[in-house]
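Colleague: Numbering (our numbering), first residue to last: 42 to 201. Even glycine gets a Cβ: it sits at the ideal position worked out from N, Cα and C.
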Ligand code: FES
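Right, here's the structure in full:
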């Protein structure tokens with residue numbers, strides 16, 4: 042199903058694009074606008090971005106697929122991204138992943154049937170000094186323990 046940006050978003054993009062020498066250089070912020078507006082970057086959203094930026098949908102896909110922060114699948118209401126890179130790995134990220142997988146019954150890339158939670162191990166989240174860490178949507182959680190993650194999931198479930 043085709044999607045279209047709101048007029049305000051298009052205007053916002055024009056302001057952003059004016060800061061770049063060519064429109065295509067504003068592809069990353071355009072993808073952020075798409076994610077904010079549509080919740081994730083579907084193929085239809087990529088077509089809308091391509092039209093707005095003035096490049097091909099394939100070029101948008103190439104860029105979007107490189108970055109884990111752009112959701113190419115519809116995420117759950119709470120999207121859990123657990124760092125699995127070396128500093129977090131040495132501090133126990135495997136236990137964090139195991140806790141999430143057992144508590145939510147999810148495999149990497151999965152979404153709970155009620156759409157509340159999705160889970161994805163990712164590479165370095167740039168909080169290496171406080172690993173293991175994860176993001177829940179845009180919020181960082183650092184120095185995690187399996188007990189703490191279990192508690193956090195329970196709180197998010199209660200919050201709905
Ligand atoms: S290694 Fe986990 S945040 Fe950098």
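1) Flag this pair as touching only if the region 115 to 125 and the region 150 to 167 have three or more C-beta atom pairs under 8 Å; answer yes or no.
2) Is residue 172 near the ligand FES, in the sense that its beta carbon is under 7 Å from a heavy atom of that ligand?
3) Can you list, in chain order, the residues of its chain with a C-beta nearer than 7 Å to that of residue 144? Leave out the 5 residues immediately preceding and following it.
4) Consider the C-beta atom of residue 127 and the heavy atoms of the ligand FES; say whether any pair is separated by less than 7 Å.
5) I'd like the list of long-range same chain contacts for residue 82, defined as Cβ closer than 7 Å, with 5 residues on each side in sequence excluded.
6) Can you tell me which of 123, 66, 52, 42 puts its alpha carbon nearest to the alpha carbon of residue 182?
7) Would you grab the beta carbon distance between residue 91 and residue 45 for me? Rounded to a whole angstrom, and I think it's under 8 Å.
8) Give the secondary structure of residue 83 by DSSP, where H, G and I count as helix, E and B as strand, and everything else as coil.
9) At a cut-off of 7 Å, would you count residue 185 as near the ligand FES, judging by its Cβ distance to the nearest heavy atom?
10) Would you identify the three-state DSSP class for residue 134, choosing helix, strand or coil?
11) When you compare only the Cα positions, how much space is there between residue 212 and residue 152?
12) Taking 7 Å as the line, does the beta carbon of residue 166 fall inside it for any heavy atom of the ligand FES?
13) Under 8 Å, Cβ to Cβ, is there at least one residue of chain C near residue 173?
14) Would you check if the distance between the CB atom of residue 95 and the CB atom of residue 60 is smaller than 8 Å?
15) Who are the Cβ neighbours of residue 68 in its own chain at under 8 Å, not counting the five residues just before and after it?
16) Between which two residues does the alpha helix (DSSP H) containing residue 98 stretch?
Modeller: Taking the geometry as given:
1) In short, these stretches touch, since the Cβ pair count reaches three.
2) The residue you call residue 172 lines up with position 131 of the chain shown. Yes, since a heavy atom of the ligand FES falls inside the 7 Å radius drawn around the Cβ of residue 172.
3) If you number the chain shown from 1, residue 144 lands on position 103. Within the same chain, residue 144 has close Cβ partners 191, 194.
4) The residue you call residue 127 lines up with position 86 of the chain shown. Residue 127: yes, Cβ under 7 Å from the ligand FES.
5) Position 41 of the chain shown holds residue 82. Answer for residue 82: 72, 75, 76, 105, 111, 112, 113, listed in chain order.
6) Taking the first residue of the chain shown as 1, we reach residue 182 at position 141. It is 123 whose Cα lies nearest to the Cα of residue 182.
7) For the purposes of this step, residue 91 is taken as residue 50 along the chain shown, with counting starting at 1. For the purposes of this step, residue 45 is taken as residue 4 along the chain shown, with counting starting at 1. The distance from the Cβ of residue 91 to that of residue 45 is about 13 Å, inconsistent with a contact at the 8 Å cut-off.
8) Counted from its first residue, the chain shown places residue 83 at position 42. Coil, per DSSP.
9) Translated into the one-based positions of the chain shown, residue 185 becomes position 144. No, the Cβ of residue 185 stays beyond 7 Å of every heavy atom of the ligand FES.
10) Against the chain shown, residue 134 aligns to sequence position 93. In the structure shown, residue 134 falls within a helical segment according to DSSP collapsed to helix, strand and coil.
11) Shown here, the chain extends from 42 to 201; a query on residue 212 therefore has no answer.
12) Counting from 1 along the chain shown, the entry for residue 166 is found at position 125. Yes, since a heavy atom of the ligand FES falls inside the 7 Å radius drawn around the Cβ of residue 166.
13) You won't find chain C in this structure, because it holds only one protein chain.
14) Within the chain shown, the letter at position 54 stands for residue 95. Within the chain shown, the letter at position 19 stands for residue 60. No. Outside cutoff.
15) For the purposes of this step, residue 68 is identified with residue 27 of the chain shown, where counting begins at 1. Taken in chain order, the residues that qualify are 90, 94, 96, 100, 101, 104.
16) Within the chain shown, the letter at position 57 stands for residue 98. Here the alpha helix (DSSP H) through residue 98 covers 98 to 105.
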